[in-house]
Amino acid sequence: MSKKFSVHIADDHEIIIDGMSAIINVEDDLEVIGRSLNGKETIEWFKENHADVLLLDINMPICNGIEVLKSLKNLEDKPEVIVLTSYDDVKTIKEVLELGAKGFLPKKAAGIHVTEAIRKVLSGEEYFTDEINKKVMHSLLGKPLKDEGMENPELVSTLSQREFQILKMIAQDYTTKDIAKTLFISTRTVEAHRNTLYEKTNSKNVIGLVNFAVKNNIV
Numbered sequence: 054m055s056k057k058f059s060v061h062i063a064d065d066h067e068i069i070i071d072g073m074s075a076i077i078n079v080e081d082d083l084e085v086i087g088r089s090l091n092g093k094e095t096i097e098w099f100k101e102n103h104a105d106v107l108l109l110d111i112n113m114p115i116c117n118g119i120e121v122l123k124s125l126k127n128l129e130d131k132p133e134v135i136v137l138t139s140y141d142d143v144k145t146i147k148e149v150l151e152l153g154a155k156g157f158l159p160k161k162a163a164g165i166h167v168t169e170a171i172r173k174v175l176s177g178e179e180y181f182t183d184e185i186n187k188k189v190m191h192s193l194l195g196k197p198l199k200d201e202g203m204e205n206p207e208l209v210s211t212l213s214q215r216e217f218q219i220l221k222m223i224a225q226d227y228t229t230k231d232i233a234k235t236l237f238i239s240t241r242t243v244e245a246h247r248n249t250l251y252e253k254t255n256s257k258n259v260i261g262l263v264n265f266a267v268k269n270n271i272v
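Heads up: the sequence shown begins at 54 in our numbering, then just goes up one per residue.
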């Protein structure tokens, strides 16, 4: 029998937990093993238990999702976190990413994309809908993301939000340690993203990445 990956769902609406569970539990390799209705319950559950993935609502009573993320950072065996929310403002997205979330899923799209998102984060990638990716890229650039003036807009659009963020920081002369510290990730994770960027942009070194960023109006 193949390994089943475990999922915990934290949301203050039981109907959402039930709906998500029904979608997830029909998958051969996924299983919902825990649920909580507020942030305090979520924190207490993870003190005694482990799940591979946490689907976390930001707007919960007693203790919200942001506080949960802060608490989980202290765990040795942390789950991969996908944030569920009705809000998709850039400020919230940036905050949860800085606290270690690996995916951001608007509730309106969760039923369609939840299993895809779970598998993405389990494979070490991040998950964002196309709409979220564009919003965050716009914010990182400080201007609308337009094809005009870009040498390769189609390739730029394939970059994940985190890849885009790291590429911009590399082009701004951040060191690996600086990037890791700023984004609250390990240097190994930064190096892995940089290697992916080499492959995606067909660059051989950091100079190639900087040239790509300049030619595509990323900096």
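Even for Gly, the Cβ is constructed at its ideal location relative to N, Cα and C. Remember, it's a predicted structure, so these values are computed and weren't measured experimentally.
For His66, there is no enclosing beta strand (DSSP E), as DSSP marks it with neither H nor E. Between Leu107 and Pro132, the gap from beta carbon to beta carbon is short of 8 Å. His103 carries a coil assignment under DSSP once its states are collapsed to helix, strand and coil. Taking C-beta atoms as the reference points, Gly153 and Ala170 fail to come closer than 8 Å.
In the three-state DSSP reduction, Gly177 falls in the coil class, being neither helix nor strand. The continuous stretches of beta strand (DSSP E) do not include Ile115, and DSSP gives it neither H nor E. Inclusion of Glu148 and Ile119 in the CB contact set at 8 Å is warranted, their separation being smaller than that value. Taking all protein chains in view, the Cβ of Gly177 is surrounded by fewer than 16 other Cβ atoms within 10 Å, so the residue is classified as exposed. As computed with DSSP, Thr138 is found in a beta bridge with Pro159. The shortest C-alpha to C-alpha distance from Lys268 to any of Pro206, Thr228, Asn248, Ser239 is the one to Pro206. About 7 Å separates the beta carbon of Lys56 from that of Asp82, a gap short enough to meet the 8 Å contact definition. Look at Glu133 here: in three-state DSSP terms it is strand.
Under the three-state reduction of DSSP, Asp110 is assigned to strand.
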